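Following: one structure in structure tokens, then a few remarks.
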Amino acid sequence: MLEAGLMKGWSNQRLADVLGVGLSTLKRNFGPMLRERSEFPDRLKLALFASTVRKALEKGDMGAVRQLRQLIGEDEALEIERKLRDLPDEKDEPEVVGKKEAQRRAAKDLVSGDAQGTWGDDLSPGYRN
225 MLEAGLMKGW
235 SNQRLADVLG
245 VGLSTLKRNF
255 GPMLRERSEF
265 PDRLKLALFA
275 STVRKALEKG
285 DMGAVRQLRQ
295 LIGEDEALEI
305 ERKLRDLPDE
315 KDEPEVVGKK
325 EAQRRAAKDL
335 VSGDAQGTWG
345 DDLSPGYRN
């Protein structure tokens, strides 16, 4: 019962209440199992997958075959999603600016007064766009 509660993500207090023991007793007697709490959902998925594979291969259960195909499809989708998340963002690459674009930006900065040049405010017509 404890493993099922851990697989469902129940808190220690809830598990202790359901099992009819105190929180300190639960921690003392099941400490190692409680520390492995994060592994239990994956263990459950693995146990379900293994059971489905056994049914599909050994017994030839067509329902299990369909469920196995669905589980494999979900795993493939999760793997693709993980790979896409791990790809570096294109935004991280520095922007490549050509010669003409660099000259255009420098001229715009000079006219707007953002860049300090030898012309100063002589190119600015007294108002700003």
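The working numbering puts the last residue of the sequence shown at 353; the count rises by one with no breaks. All C-beta atoms, glycine included, are put in the ideal place defined by N, C-alpha and C. All values derive from a computational prediction rather than experimental measurement.
Where the alpha helix (DSSP H) through residue i begins and ends
{"i": "M216", "result": "The question about residue 216 has no answer, for the chain in this structure spans 225 to 353."}
{"i": "V245", "result": "From DSSP, V245 is part of no alpha helix (DSSP H); its letter is neither H nor E."}
{"i": "A280", "result": "Looking at the DSSP string, A280 is not in any alpha helix (DSSP H), and its letter there is neither H nor E."}
{"i": "G287", "result": "286 to 310"}
{"i": "R328", "result": "323 to 336"}
Whether residue i touches residue j by CB criterion (9 Å)
{"i": "T267", "j": "M231", "result": "Sequence check: residue 267 is Arg here, not Thr. Cβ distance < 9 Å, so R267 and M231 count as in contact."}
{"i": "E303", "j": "F264", "result": "no"}
{"i": "V320", "j": "R329", "result": "no"}
{"i": "G229", "j": "V245", "result": "no"}
{"i": "L258", "j": "N236", "result": "yes"}
Selected residue, minimal CA-CA separation from residue i, among the options
{"i": "D295", "options": "L250, R309, Q237, A280", "result": "Going by the sequence as given, residue 295 is Leu instead of Asp. Of L250, R309, Q237, A280, the residue nearest in Cα terms is A280."}
{"i": "K269", "options": "L334, E325, K332, L292", "result": "L292"}
{"i": "G233", "options": "S262, R309, R252, V335", "result": "S262"}
{"i": "R290", "options": "T276, L250, K323", "result": "T276"}
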